[in-house]
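J.: Have a look at the structure that comes next, please.
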Amino acid sequence: MLDKSTRQAIADELVDAKQTRTPVPLLTARYPEMTIEDSYAVQNLWADRLLASGRRVAGHKIGLTSKAMQAATGITEPDYGVILDDMVLENGCTLEWDRYTHPRVEVELAFVLGRPLSGPDCTLFDVLDATDYVIPALEILDSRIEMEGRTIVDTIADNAAMGAMVVGGNPVKPADVDLRWVSALLYRNQGIEETGVAAGVLNHPAAGVYWLANKLAAHNTSLEAGEIILAGSFTRPMWVYKGDTVFADYGPLGTITCRFE
Numbered sequence: 000m001l002d003k004s005t006r007q008a009i010a011d012e013l014v015d016a017k018q019t020r021t022p023v024p025l026l027t028a029r030y031p032e033m034t035i036e037d038s039y040a041v042q043n044l045w046a047d048r049l050l051a052s053g054r055r056v057a058g059h060k061i062g063l064t065s066k067a068m069q070a071a072t073g074i075t076e077p078d079y080g081v082i083l084d085d086m087v088l089e090n091g092c093t094l095e096w097d098r099y100t101h102p103r104v105e106v107e108l109a110f111v112l113g114r115p116l117s118g119p120d121c122t123l124f125d126v127l128d129a130t131d132y133v134i135p136a137l138e139i140l141d142s143r144i145e146m147e148g149r150t151i152v153d154t155i156a157d158n159a160a161m162g163a164m165v166v167g168g169n170p171v172k173p174a175d176v177d178l179r180w181v182s183a184l185l186y187r188n189q190g191i192e193e194t195g196v197a198a199g200v201l202n203h204p205a206a207g208v209y210w211l212a213n214k215l216a217a218h219n220t221s222l223e224a225g226e227i228i229l230a231g232s233f234t235r236p237m238w239v240y241k242g243d244t245v246f247a248d249y250g251p252l253g254t255i256t257c258r259f260e
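By numbering that gives the first Met the number 0, the letter at position 53 of the sequence shown is numbered 52, and the numbering carries on one by one without gaps.
What follows is the structure, given as structure tokens:
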């Protein structure tokens, strides 16, 4: 494990990397003794620095929950990160491509909680009962650490590569639709790039949410009412470039679009 000063130095590096859009070298190459516990500690320090500047927590994201994403990254266990208020964007928005490093887009569902959720014994049924509504979302991945050779330790410290999210489409109550069968078509510049079904996320998109609640319980933390929980991608990440328009069609749940300029 790393000492406190080393964790703080890494968090400072990651804050600077976001501002300069210059990814730092792999943490695991420089600190082979670094553990997952170290990574979450760095993530918390990074978030604390941003919260001190006036931002607030809007929710959490869950990553690496589907076979598609695990195959794309070579990492076989889920992780989580923090969503801050200025990361939540409206349908039809224009994003500055230059604000992100290696931006990619994923197709997900977002759970908006009407009641708190806590572990360690949280279940899928608890998640469905506590959810106010579910809504389509696109996640914009951002990388503050070099991508080649990343491990789960690097990814967690990088706030699970969370950059931003775009929310849109039609909100639905969990009981009103079979969430496992929600599907999406992902387009870039009028060409279809990816398709997926929400059951690809741990067999049910709500499964990632109860996994997160139970994971946070080990750190004496819970999910609060009003939080947005990004449940994990059911497509591979799609690279985007300056000038690209992204369009996602969720069928009965509506559509989301955004543009990178």
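All C-beta atoms in this analysis are idealised placements derived from N, C-alpha and C, irrespective of residue type, glycine included. Computed from a predicted structure; not experimentally measured.
1) Out of curiosity, what's the CA-to-CA distance linking P251 and C121?
2) Just verifying my parser: in three-state terms, what is the DSSP assignment at A16?
3) Taking its Cβ as the centre, do 16 or more other Cβ atoms sit within 10 Å of G53, making it buried, or is it exposed?
4) Taking the CB atoms as reference points, tell me whether V165 and I255 lie closer together than 8 Å.
5) Report yes or no: do three or more beta-carbon pairs, one from the stretch 138-146 and one from the stretch 91-109, lie closer than 8 Å?
6) According to DSSP, what are the bridge partners of P135?
7) What residue range does the alpha helix (DSSP H) around G207 cover?
8) Hey, would you say A129 sits closer than 8 Å to S38, going by beta carbons?
9) Would the stretch 142-156 and the stretch 196-212 be scored as touching if the rule is three or more Cβ pairs under 8 Å?
10) Measuring from the CB of G53, is there a heavy atom of the ligand FMN at a distance below 7 Å?
11) Specify, as a first and last residue, the run of the beta strand (DSSP E) that S182 falls within.
12) Would you call the stretch 46-63 and the stretch 220-234 touching, i.e. three or more CB-CB distances under 8 Å?
13) Go ahead and label N158 buried or exposed: buried means 16 or more other beta carbons lie within 10 angstroms of its beta carbon, across all protein chains shown.
14) Spatial neighbours of F246 within its chain, please: C-beta separation below 7 Å, excluding the five flanking residues on both sides.
15) Count the other CB atoms, across all protein chains shown, that sit within 10 Å of the CB of F124; report buried if there are 16 or more and exposed otherwise.
16) In terms of residues, what are the limits of the beta strand (DSSP E) holding F233?
17) Terminal residues of the continuous beta strand (DSSP E) containing L178?
18) Beta strand (DSSP E) containing T194: first to last residue?
19) Assign D47 to one of three DSSP states: helix, strand, or coil.
20) Mind checking which residues open and close the beta strand (DSSP E) that includes D248?
21) Does the Cβ-Cβ distance between A216 and S117 come in under 8 Å?
22) Using beta carbons (cut-off 8 Å, strictly below), is M237 in contact with chain D?
23) Taking the alpha carbon of T244 as the point to measure from, which residue in L88, Q189 and V152 has its own alpha carbon closest?
24) Which of the three DSSP states is assigned to K60 in this structure?
25) Which stretch, first to last residue, makes up the alpha helix (DSSP H) that contains A160?
26) Using a Cβ-Cβ cut-off of 7 Å (strictly less than) and excluding sequence neighbours within five positions of L127, which residues of its own chain qualify?
27) If I measure Cβ to Cβ from Y249 and keep anything under 6 Å in the same chain, skipping five residues before and after, which residues do I get?
28) D120 by DSSP, collapsed to three states: which one?
T.: Reading off the structure:
1) Taken atom to atom, the span from the alpha-carbon of P251 to that of C121 is near 29 Å.
2) A16 falls in the helix class under three-state DSSP.
3) Under this definition G53 is an exposed residue.
4) Yes, the pair counts as a contact, with Cβ atoms nearer than the cut-off.
5) Because the criterion of three Cβ pairs below 8 Å is met, the stretch 138-146 and the stretch 91-109 touch.
6) Bridge partners of P135: L108.
7) G207 -> alpha helix (DSSP H) spans A206 to A216.
8) A129 places its beta carbon 8 Å or farther from that of S38.
9) Touching, no, given that fewer than three Cβ pairs across the two stretches are closer than 8 Å.
10) Ligands in the displayed structure: none, and consequently the ligand FMN is not present.
11) It spans S182 to R187 - the beta strand (DSSP E) in which S182 sits, taken as one unbroken run.
12) Touching, yes, given that three or more Cβ pairs across the two stretches are closer than 8 Å.
13) By the neighbour-count rule (16 or more Cβ atoms within 10 Å), N158 is buried.
14) Setting aside the 5 residues that flank it on each side, F246 is surrounded in the same chain by Y186, T254 and T256, each with a C-beta closer than 7 Å to its C-beta; the list follows chain order.
15) By the 16-neighbour rule on beta-carbons within 10 angstroms, F124 is exposed.
16) Taken as a continuous stretch (DSSP letters only), F233 belongs to no beta strand (DSSP E), as it is neither H nor E.
17) First-last for L178: undefined, no H or E at that position.
18) Per DSSP, T194 belongs to the beta strand (DSSP E) from G190 to V196.
19) Of the three classes helix, strand and coil, the one that applies to D47 here is helix, per DSSP.
20) Residues T244 to D248.
21) Cβ atoms of A216 and S117: closer than 8 Å.
22) No chain D appears in this structure, which consists of one protein chain only.
23) Closest in C-alpha terms to T244, from the list L88, Q189 and V152, comes Q189.
24) Judged by DSSP in its simplified three-state form, K60 adopts strand.
25) Annotation: A160 is outside any alpha helix (DSSP H) and is labelled neither H nor E by DSSP.
26) Closer than 7 Å at the Cβ level, and outside the excluded window around L127, lie P173 and A205.
27) The residues are P135, G168 and A183.
28) DSSP places D120 in coil when its eight states are reduced to three.
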